[in-house]
Amino acid sequence: MFMSIKQFSKSFLAAFIGAAFLVGCGEDEPAAHPKDSDSQAFVSQYKAKEYHPVLIKNATILTANGEKIENGSILFSEGEIIEVGTDIDEPSDDNLEVIDAEGKWVTPGLIDVHSHLGVYPAPGVASSADGNEMTAPVTADVWAEHSVWPQDPQFQLALAGGVTSMQILPGSANLVGGRGVTLKNVAGRSVMEMKFPDAPYGLKMACGENPKRVYGGKGQAPMTRMGNVAGYRKAWIDAQEYMQAWDDYEAGMGNGKPPKRDLRMESLAGVLRGEILIQNHCYRADEMAVMMEIAKEFDFKVTTFHHAVESYKIADKLAENDVCSAMWSDWWGFKQEAYDMVPSNVALVDKAGACAVVHSDSATVIQHLNKEAAKAMTSGNRLGMDITPAHAIKWITLNAAKAIGVDDQTGSLEEGKMADIVLWDGNPFSVYTKTDKVFIDGALMYDRDNKFKQPVSDFGLTNINSK
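This note's numbering numbers the first residue of the sequence shown as 65 and each following residue consecutively.
Next comes the structure, spelled out in structure tokens:
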């Protein structure tokens with residue numbers, strides 16, 4: 065059937081108008097909610113390495129749940145822990161590897177909640193120092209992962225020390241320094257290939273001397289601690305308004321146009337929505353108390369205070385507010401706000417029922433987290449606290465996992481959790497003990513007896529022909 069020119073013109077015009085209408089609708093389609101669009105950005109591409117079933121038997125096992133199992137066994141397969149105990153039947157599987165660990169100890173993989181590996185890589189030169197965006201007091205829009213250099217040889221050294229996961233944070237120059245990222249300590253071509261799946265982001269904040277020194281030195285706010293607090297509160301007020309604008313839009317209120325995306329506000333609003341965890345650099349007890357009050361004012365939670373050399377003064381408040389405190393075993397006195405620490409800081413926080421964590425903030429200390437925990441345990445025992453290795457191991461495993469929001473997946477040796485496991489050649493709280501094997505999601509990533517499982521960077525090599 066043929067149309068007349070007039071009929072054709074009418075049909076063509078109708079089709080053209082319809083198409084134009086559809087295009088117009090597409091242009092007016094609401095922008096994605098910041099939360100939704102954010103979740104699609106830089107998603108984890110981590111995939112566990114090849115593995116086979118492993119049974120470690122005849123070991124002393126510290127589960128990180130307070131239990132010490134003598135002559136114990138642990139079975140893991142397909143990246144997960146299958147069973148932990150003393151009477152584990154050996155499965156009939158041709159691929160099963162059985163490791164006789166008599167005289168050796170097993171713990172969960174160690175977790176460092178405060179690291180700058182990758183953002184301050186080795187060799188340490190100015191051109192690769194990417195940890196502090198010192199351009200404004202509030203830089204919630206920057207993400208530490210965008211500075212991480214995956215080839216940093218310090219990752220491998222941390223692996224040899226038993227570290228299987230870590231939180232990489234921006235520095236502490238700013239009131240709000242940006243997002244941190246939790247990584248699996250595996251080799252990756254990009255940071256996305258290292259990202260711990262489904263781990264929540266952290267948002268780095270800083271109290272005290274650093275922000276007021278950096279910006280006061282430029283003749284701008286903040287110049288004082290009261291300026292710091294004013295800066296925090298203004299940022300949270302702005303974030304509340306931004307979040308409300310999106311909530312109103314999604315409820316069909318307003319003019320129907322979505323608010324403009326703001327990366328800085330998205331991170332802050334993510335905290336207010338309970339999706340991003342506050343990781344707060346703070347030394348003094350009075351400032352930690354102020355930060356907890358700010359959190360109450362704006363209805364969010366401080367997840368972890370970092371460095372926190374005066375945590376022992378407010379240990380009861382930390383327990384009451386369910387705030388973790390990530391501390392050194394014996395670093396203090398290097399600046400005024402770090403002066404009033406005691407060696408039993410970690411133990412006193414733990415005794416009060418708060419979440420005590422031992423962290424590194426150092427490319428060297430991260431290689432010896434077990435010894436740092438041992439020093440903190442010893443300091444507590446000198447005060448008569450009777451802290452056992454079965455308890456203290458939590459400070460660098462399960463409590464650390466809680467501090468970064470992954471304790472449901474790793475941090476303890478329990479059925480169904482990730483098989484992040486360290487086999488030690490002795491008591492991990494001894495200075496003489498070394499890692500023997502390190503497993504991440506059940507895959508052998510480090511083996512002291514196999515040079516092909518001892519990753520080393522060109523930066524760490526010397527002339528093998530030299531005498």
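Note that the Cβ used here is the ideal one computed from N, Cα and C, for glycine as well.
It should be emphasised that the depicted structure is a prediction, and the values quoted were computed from it without experimental measurement.
- Positions of the alpha helix (DSSP H) runs, each at least 4 residues long and wholly inside the region 281 to 311, cannot be given because no such run exists.
- Around the beta-carbon of residue 431, 16 or more other beta-carbon atoms lie within 10 Å, marking it buried.
- In this structure, the CA atom of residue 187 is about 48 Å from the CA atom of residue 151.
- For residue 355, the enclosing alpha helix (DSSP H) covers residues 349 to 361.
- Residue 243: not part of any alpha helix (DSSP H); member of the beta strand (DSSP E) spanning 240 to 248, first to last residue.
- If you compare the alpha carbons of 172, 327 and 480 with that of residue 501, the shortest gap goes to 172.
- When 271, 234 and 429 are compared, the shortest CA-CA separation from residue 226 is found for 429.
- In the DSSP assignment, the residues bridged to residue 370 are 345 and 390.
- Its chain contains 120, 123, 124, 125, 126, 136, 138, 477, 485, 486, 487 and 488 as the residues whose beta carbon lies nearer than 8 Å to that of residue 170, once the 5 sequence neighbours on both sides are disregarded; these appear in chain order.
- A direct Cα-to-Cα measurement between residue 416 and residue 289 gives close to 28 Å.
- Counting only runs that start and end inside the region 378 to 422, the alpha helix (DSSP H) elements of at least 4 residues fall at 379 to 384 and 409 to 415.
- For the options 110, 338, 206 and 141, the alpha carbon positioned closest to that of residue 326 is the one of 206.
- Residue range 218 to 224 is occupied by the alpha helix (DSSP H) that includes residue 220.
- Assignment of residue 330 by DSSP, reduced to helix, strand and coil, places it in the helix class.
- Taking all protein chains shown into account, residue 403 has fewer than 16 neighbouring C-beta atoms within 10 Å of its C-beta and is therefore exposed.
- The closest CA to that of residue 393, considering only 276, 128, 154 and 420, is found on 420.
- Contact check for residue 434 against residue 493 passes: the beta carbons are separated by less than 9 Å.
- In the three-state scheme derived from DSSP, where H, G and I count as helix and E and B as strand, residue 497 is classed as coil.
- Rounded to the nearest angstrom, the gap between the Cα atoms of residue 315 and residue 309 is 10 Å.
- Taking C-beta separations shorter than 8 Å and ignoring five residues to either side along the sequence, the partners of residue 163 in its chain run 118, 119, 120, 121, 487 and 501, following chain order.
- Here residue 424 carries a coil assignment [DSSP, helix/strand/coil].
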